[in-house]
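Quick note on numbering: my numbering labels position 69 of the sequence shown as 79, and the sequence is numbered without any gaps.
Ideal Cβ placement from N, Cα and C applies to all residues, glycine included.
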Amino acid sequence: MIAPLKNFFTKIAALLGGFGSFFKRNKLGIFSFLFSFTVIVTFIDMTLTRNAAIREIKKSILTWQNYLNEAGLDIAYENIRFNNIFIYPLLEIDGLQIYNLKGEHLWSFKTDKLSFRLGWLNSKKLKAGGAAQSVFLFDGKAHPITLPGISLTVSTSSDGAFKDLQLDLKDSEIKDFAKVRELTFALRRHKLPEKTSALFPSFESHLEIKDVAINGLRQYPLTSKIGRIYAKFNLRGQIKPDEFFAPAVETWLHEGGFIEISNLIVHWPPLILVGRGDINFSEDFAPRVHVKTSSKAFLNLLEDLNKNESFERKGLFVSKILLSNKAFKLRDNDQYLTVTTPVDYRDGKLTVENIPVMTLRK
C-alpha cells in the first residue's frame, strides 16, 4: 500500500518540477499572455458596460423629456454624442437647453457643452466635470453664467435604480448679479424597509451656498454679502412614476405626501435665522410653505424690505409691530433682538405672523 502511494507522489513531484522548469524557461511569455488576456477581458467588460449605460441613458432621456413636458417644460440640444470606447467621454452634449412651454414669463437656461464619464472603479457612477459657459434668459434679457469649477456625480444601484447625486460648483458668477464661491447640492435615495410607514422619508437632500457677493448696484436688503444658506429637505412618502409623472404625484399627495424642511440656516449679516417646517401642495400642485423661524435682526430685515416697492408696506408695518412686542435680547450684550415667528407662502401670498407682506403673481 505504501509503495503505490510513494510512486504516486513521486510522479506528482516530477510533474510539478517539470512545470516549474517550464515556467522558468517561459515566464516572460506566460506573463505576456496573462497580461494580454487581462487587458482584453477588461476592455470587453468596459465596452459591454458602456453599451449598457448608453442604452439606459437614452431611455432615461426620453422618460425625463416626457416628465418635463407634463410640467410645461422641454429640453433641446444642438448635438449629442455617445462613445463606447473608454478613452472618450461616455456622453457629450452641445448646446443643452431647458425652457418653459407655458406661463406669463418666458425663460430658458442654456449651457455650451457638457461631457459625462463613467467612474473608473465604479461603473455605476456617472461623472460630469470641467468648465461650462451658460446663459439664463428671462423675458428676452440674457444673464450670462460662468461655471469654472463644476462637478456632478450620479450613482445607481445594482438594479439600475437611482441611488444618489452630488453637484459641486466653485467660484460661479451670474453676470451683473452675484458671485458664489461655493454651492453644493446632494440628493440621496433611502432604501425603505419592507415594513415601513407610508410617510417614511424616501429621499433626502442638502443644499448649501457659501460666500455670496451681490452686485452693489442691485437692490437688496441687509448687506451685499451672504455668508451661508443651508437647507435640508426630506421627501415624505414615495413618488412612483411610470410612463406619466403627474398621476404619480397626485397619488403621492392623496396618500399624505409632503416635503419636510428639517433644517434651515441663513446667515446674511446682520441676519442669523434658523428654522424648520414643511412644503405641502394643493390639488393643482401649487406649493404651500410653512416655516417656523427663530432669528436675530429679523426686524432689521423687515425695515429694509419696507424700502422695496415689491412688498406691501402696510403688512410689513403691522408685522413689525407684532414682532416688536415679543422680541427680546438673547444675551445682554446682543446688538440685535431675537424673535420667533412663522413665515408662510400660500395662494401667491407671503405672510409674516399671518400678515400678508408680499403678493406674487401665479
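- Per the coordinates, the alpha-carbon of Phe187 lies some 11 Å from the alpha-carbon of Ser234.
- Assigned with DSSP and collapsed to three states, Thr233 falls in coil, not helix or strand.
- In this structure, Asp178 is the residue among Ala258, Tyr346, Asp178 and Lys68 with its C-alpha nearest to the C-alpha of Leu217.
- Between Pro158 and Asp181, the C-beta spacing is below 9 Å.
- By the criterion of a C-beta distance shorter than 8 Å, Phe338 is surrounded in its chain by Leu347, Thr348 and Val349, once the five residues flanking it on both sides are discounted.
- For the pair Lys306 and Asp342, the CB atoms are not nearer than the 9 Å cut-off.
- When the beta-carbon positions are compared, Val284 and Val353 stay at least 9 Å from each other.
- For the 9 Å CB-CB criterion, Lys242 and Glu214 form a contact.
- Boundaries of the alpha helix (DSSP H) harbouring Gly325: Arg323 to Ser334, taken from the DSSP string.
- Taking a contact to require three or more Cβ pairs closer than 8 Å, the region 249 to 260 and the region 188 to 196 do not qualify as touching.
- Nearest to Gly266 by alpha-carbon distance, out of Ile275, Gly287 and Phe210, is Phe210.
- Using a 10 angstroms sphere on the CB of Asn244, the tally of other CB atoms reaches 16 or more, which defines it as buried.
- In this structure, DSSP gives Gln248 a state outside helix and strand, which the three-state scheme calls coil.
- In the three-state reduction of the DSSP assignment, Gln176 falls in the strand class, which pools E and B.
- Secondary structure remark: continuous beta strand (DSSP E) runs of at least 3 residues inside the region 50 to 113, in chain order: 83 to 86, 89 to 92 and 101 to 110.
- Annotated as proximal: Ile85 and Ile108, with beta-carbon spacing under 9 Å.
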